[in-house]
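**Q** Chains as they are written, first to last, in this note's numbering: chain U, 31 to 256; chain B, 31 to 256. Ideal Cβ positions, reconstructed from N, Cα and C, are used throughout, including at glycine.
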DNA sequence: TTACAAAGTTAAGCACACCTAAAATAATTA
DNA sequence: TAATTATTTTAGGTGTGCTTAACTTTGTAA
Ligand SMILES: [Mn+2]
Ligand SMILES: [Mn+2]
Ligand SMILES: [Mn+2]
Ligand SMILES: [Mn+2]
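(1) Just the C-alpha distance for residue 90 of chain B and residue 138 of chain B, rounded to the nearest angstrom, thanks.
(2) How should residue 48 of chain U be labelled, buried or exposed, when 16 other C-beta atoms within 10 angstroms of its C-beta is the threshold for buried?
(3) Check residue 80 of chain B in the structure and name its three-state DSSP category.
(4) Give the straight-line distance between the Cα atoms of residue 245 of chain U and residue 41 of chain U, rounded to the nearest whole angstrom.
(5) Based on the DSSP output, what are the partners of residue 185 of chain B in its beta bridges?
(6) Out of U/197, U/151, U/55, U/136, state which residue places its alpha-carbon closest to the alpha-carbon of residue 124 of chain U.
(7) With a Cβ-Cβ cutoff of 8 angstroms, do residue 135 of chain B and residue 34 of chain B count as a contact?
(8) Using beta carbons (cut-off 8 angstroms, strictly below), is residue 236 of chain B in contact with chain U?
(9) For residue 172 of chain U, write down the residues that DSSP places opposite it in a beta bridge.
(10) Taking the DSSP output, what are the residues bridged to residue 92 of chain B?
(11) Kindly give me the distance between the Cβ atoms of residue 113 of chain B and residue 155 of chain B, rounded to whole angstroms, as I take these residues to be in contact under 8 angstroms.
(12) Confirm, please, whether the CB-CB distance from residue 152 of chain U to residue 254 of chain U is below 8 angstroms.
(13) Just the chain B side, please: which residues come within less than 7 angstroms of residue 119 of chain U by C-beta, in chain order?
(14) Would a C-beta distance cut-off of 8 angstroms place residue 77 of chain U and residue 52 of chain U closer than the cut-off?
(15) Using alpha carbons as the reference points, say which of B/159, B/226, B/116 lies closest to residue 149 of chain B.
(16) So which of U/220, U/252, U/230 has the shortest CA-CA distance to residue 237 of chain U?
(17) According to the neighbour-count rule (16 or more other Cβ atoms, all chains shown, within 10 Å of its Cβ), is residue 257 of chain B buried or exposed?
(18) Would the beta-carbon of residue 192 of chain U be found less than 7 angstroms away from any heavy atom of ligand 1?
(19) Applying a beta-carbon distance threshold of less than 9 angstroms, which residues of chain B neighbour residue 33 of chain U?
(20) Which chain B residues are close to residue 161 of chain U, counting only those with a beta carbon under 8 angstroms from its beta carbon?
(21) Which residues, in order along the stretch 123-135 of chain U, keep a beta-carbon less than 9 angstroms from a beta-carbon of chain B?
(22) Cα separation between residue 230 of chain B and residue 252 of chain U?
(23) Using only alpha-carbon positions, find the residue among B/232, B/54, B/223, B/105 that is nearest to residue 162 of chain B.
(24) Taking residue 224 of chain B as the reference, which of B/206, B/200, B/180 has the closest Cα?
(25) Secondary structure at residue 73 of chain B, three-state DSSP: helix, strand or coil?
(26) Can you check whether the CB of residue 214 of chain U is closer than 8 angstroms to the CB of residue 248 of chain U?
(27) Quick check: does the Cβ of residue 109 of chain B come within less than 7 angstroms of any heavy atom belonging to ligand 4?
(28) Applying the 10 Å Cβ sphere with the 16-neighbour rule, what's the burial state of residue 227 of chain B?
(29) Any heavy atom of ligand 1 closer than 7 angstroms to the beta-carbon of residue 127 of chain U?
(30) Mind checking whether residue 45 of chain B and residue 83 of chain B have CB atoms under 8 angstroms apart?
(31) Contact check, residue 177 of chain U vs residue 241 of chain U under 8 angstroms by CB: the rounded distance?
(32) What did DSSP end up calling residue 221 of chain U once you bin it into helix, strand or coil?
(33) Is any beta-carbon of chain B found at less than 8 angstroms from that of residue 138 of chain U?
(34) Determine the DSSP secondary structure at residue 33 of chain U, reduced to helix, strand or coil.
(35) Checking the sheet assignment: what are the DSSP bridge partners for residue 190 of chain U?
(36) What residues match up with residue 234 of chain B in a beta bridge as DSSP calls it?
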C-alpha cells in the first residue's frame, strides 16, 4: 500500500494524462500538486523504483499498469465519497471535494464497496466525472460540449462541471444550476462571449469563463449501471 | 490543529485516565499506543510546550483543559463514525473500530455534525461507550456490572462490551449477542468461573475472561438524547 | 543507607516528504 | 553552431515521529 503522498502523485499523473499520450513532465505534476519540482523529481525516482511509473530523467513519466490500477482505485474512492457526502450526508456541492481528498486515502476496500452498494453503483460523481467500478472499469463517457460552444435557441442537459474551484461550485449552487438540469441557450453576447441561459424560466448571464467550465449534451444520460 | 499522532496521544491520555486521578506515566501511554518509551517522553515534552498537557519529568502527565477538549473531540469523532459505519454502511461489529481509528483524524467538524444529525444525536457507540456531544458533554453513564459478577437466575440487559479485541467482537457476533439484548444468567461454574447464559432460549457458556468483558444492567437504558 | 533493579529520559540516528539553491541538461535564438 | 535561456535534476538541509542504546533518576530490598 503506497503512502498518502504517493497515492496523490499517482492520481495526479493519471488525471494529468494528455490526449497526445506523451509522457508528463515532472513540472506538470509539481504544479498540479503545488509542490516543488525538486520534490517531484525525487518522488519520480522512487515511484519508478517500485514499478509504479516509467521514468527517464529529462524525458518525463507515465504510469505502469500497476501504477494505473492504484491511481484508478484512488479516484474511485474519491468520487464515491464525493457522491456519498452530497447525497447521504447533505454536505454541499462546494464542500465534498476537499473532504473526499482526505477520505480517499484511508478507506478500506470493504468500506468503499459498501458505499458503492449504498449508492446503487453510481456511474458519475457530483461533478459528472465517471466513477470506476470495483474492477477499475470506467463507464462510457457521454459526449459533451462546452456551454460556450452551444447554439442559440437550443436546449441542453448539464452533464459535467469543472470541479477545480470551490468558488465556482458555490456560485453554481447559488444560481440553482445542478447536474442533469435542462437549460436553454437564450443568447450569446459577442461583446464579452458571455452566454445567457434560461434555467427554470429564470434568465441567467454566465461569463465566458463560467460557460467554459460547464459541459452539456443535447440528450440526457442514464445514471445507474444498467 | 494537532497532527494525527498528537491526537492519538491526547486520546490515549484521556482514555487511560485513572480512577485515583493520579497522573499517567509515559510508560502507560507508550504501551497503550504500542510505541517506545523514548518516543513518548519526547512527545510529552512537545505536548507540554503547546499547553495540551501538564508534564513534569519522572512525575507523569495529565491533560490540561485545552488538551482534554481536543481529546474528547477525537473520541466524539471516533464513536460517531463507529456507529455510522455499523448502522448505515453495515460494516460489522469487529470492523468498525479500526476504520474509525483512521476516520477520526480527518473529518471536518461539519461532516461529524452531519453524521450526528443523521444518527439523531445518539448517546452510545456500538460498544456502549458514551458519545460526547458537540459541546464535549458526555451523557450519563448507566450503572453496570460485569457479567462475571451477576447473580444466578436474574435477568440483565447487555449495556457495554470491551472493544479492545476484534476477536472478541467476532465471537460475540457469532453467538448472536448484541447490545441491549436481554439475557438470563442460568448458572455460574465455580470450577472455571465461566458463566452460562440464556440468550433467546439458547444456552451459551462464556469463559471467565469473556464474562469480564461484558457489562450488564438490570434495567434497560434510554438510547437517544432526551 | 547503600546497592541494585526498574522506570523514565536523553542521545544519536533513520525514513519520509518536503524545501531552496546550485548544477546539469535540453531547447531556443542569434 | 554557439550562446543564451528554460527546464529538470541533484545537493544539502529541515521538521516530524519513530527506533535502539546509553544514561539518569527513582524506588526497593539487603
Ligand atoms: Mn473532486
Ligand atoms: Mn468530483
Ligand atoms: Mn473504538
Ligand atoms: Mn467503540
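**A** Taking the geometry as given:
(1) 32 angstroms
(2) exposed
(3) coil
(4) 23 angstroms
(5) B/214
(6) U/197
(7) yes
(8) no
(9) According to DSSP, residue 172 of chain U bridges with nothing at all.
(10) B/84
(11) 5 angstroms
(12) yes
(13) 141, 144, 145, 148
(14) no
(15) B/116
(16) U/220
(17) Because chain B is modelled from 31 through 256, residue 257 of chain B falls outside the range shown and cannot be assessed.
(18) no
(19) The contacting residues do not exist; residue 33 of chain U stays about 13 angstroms from chain B at best.
(20) Near residue 161 of chain U there are no residues of chain B at all, since even the closest Cβ is about 17 angstroms away, more than 8 angstroms.
(21) 125, 128, 129, 132, 133, 135
(22) 47 angstroms
(23) B/105
(24) B/180
(25) helix
(26) no
(27) yes
(28) buried
(29) yes
(30) no
(31) 4 angstroms
(32) coil
(33) yes
(34) coil
(35) U/245
(36) B/227
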